[in-house]
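> Below is the structure I would like to discuss, written out as structure tokens.
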Amino acid sequence: MRGGVSRARHLLWPAGILLGLAAEKTLYGWGDPLHWIPDLAVGWTFIGFGLAATTRWPDDRTGRLMAVTGFTWLLGNFTGVDSAALAWVATHAIFVYRGPLVHLVLAYPSGRLPGRVERSAAAAGYAAAFIPPVWRNDA
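The numbering of the sequence shown is my numbering, which starts it at 9 and goes up by one.
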């Protein structure tokens with residue numbers, strides 16, 4: 009089983025590269041590097057360091073949270089696609105990265121949330137990520 013997981017993890021590298029390029033091309037086009045380069049750098053940094061951490065420390069959850077943050081960082085870039093279904097998903101996924109990012113910060117360095125306060129704060133982070141009235145609220 010471990011070998012299959014390892015092979016699947018290796019496929020995430022090219023998936024992250026392709027997702028990043030497609031996301032930036034879709035939202036900004038290549039003619040606006042002042043916007044797409046920083047956005048791509050954030051997504052790829054989380055993905056790259058997350059996947060590297062899962063390779064180095066496979067039982068540690070921190071790397072997985074980092075990689076998920078990077079992949080979800082790029083999802084909102086697909087809001088302007090021609091597919092109504094994909095555009096709807098992307099529009100509702102704009103802030104999905106907040107959930108795993110808050111979880112990552114609270115659970116560092118083990119990737120595990122140590123107590124009730126941290127679990128509650130992580131739940132609030134996921135609410136801010138997935139529930140539009142929460143992430144639209146300025147507070």
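Just so you know, even glycine gets a beta-carbon here, dropped at the ideal spot from N, CA and C.
Shorter than 7 Å, the distance from the beta carbon of Thr77 to the closest heavy atom of the ligand MN, or not?
Only the bare structure without any ligand can be found here, which leaves the ligand MN out of the picture.
> By Cβ distance, which residues of its chain are closer than 7 Å to Ile45, with the 5 residues on each side in sequence left out?
Translated into positions along the sequence shown, residue 45 becomes position 37. Hits under 7 Å: none found.
> Would you grab the beta carbon distance between Pro117 and Val76 for me? Rounded to a whole angstrom, and I think it's under 8 Å.
On the sequence shown, position 109 is the one that residue 117 refers to. On the sequence shown, position 68 is the one that residue 76 refers to. Contact doesn't hold; Cβ gap of about 17 Å is too wide.
> For Asp146 and Arg15, I'd like the C-alpha separation in whole angstroms.
The residue labelled residue 146 in the question sits at position 138 within the sequence shown. The residue labelled residue 15 in the question sits at position 7 within the sequence shown. Roughly 42 Å separates the two Cα atoms.
> Could you spell out the range, first to last residue, of the alpha helix (DSSP H) harbouring Asp68?
Your numbering for residue 68 matches position 60 in the sequence shown. Note, Asp68: premise wrong, no alpha helix (DSSP H); not H, not E.
> In chain order, what residues of the same chain have a beta carbon less than 6 Å from the beta carbon of Ile139, not counting five sequence neighbours either side?
In the sequence shown, the residue the question calls residue 139 occupies position 131. Cβ within range, chain order: n/a, list empty.
> Take Val104 and list the residues in its own chain whose beta-carbon comes closer than 7 Å to its own, dropping the five residues that flank it on each side.
Position 96 of the sequence shown, counted from the first residue, corresponds to residue 104. Taken in chain order, the residues that qualify are Thr80, Leu83, Ala137, Phe138.
> Rank Ile25, Ala30, Ala61 by C-alpha distance to the C-alpha of Trp52 and give the top, closest one.
Taking the first residue of the sequence shown as 1, we reach residue 52 at position 44. Among Ile25, Ala30, Ala61, the Cα nearest to that of Trp52 belongs to Ile25.
> Of the choices Ala31, Ala23, Trp65, His18, whose alpha-carbon is the least far from that of Ala101?
As a working note, residue 101 is residue 93 in the sequence shown. It is Ala31.
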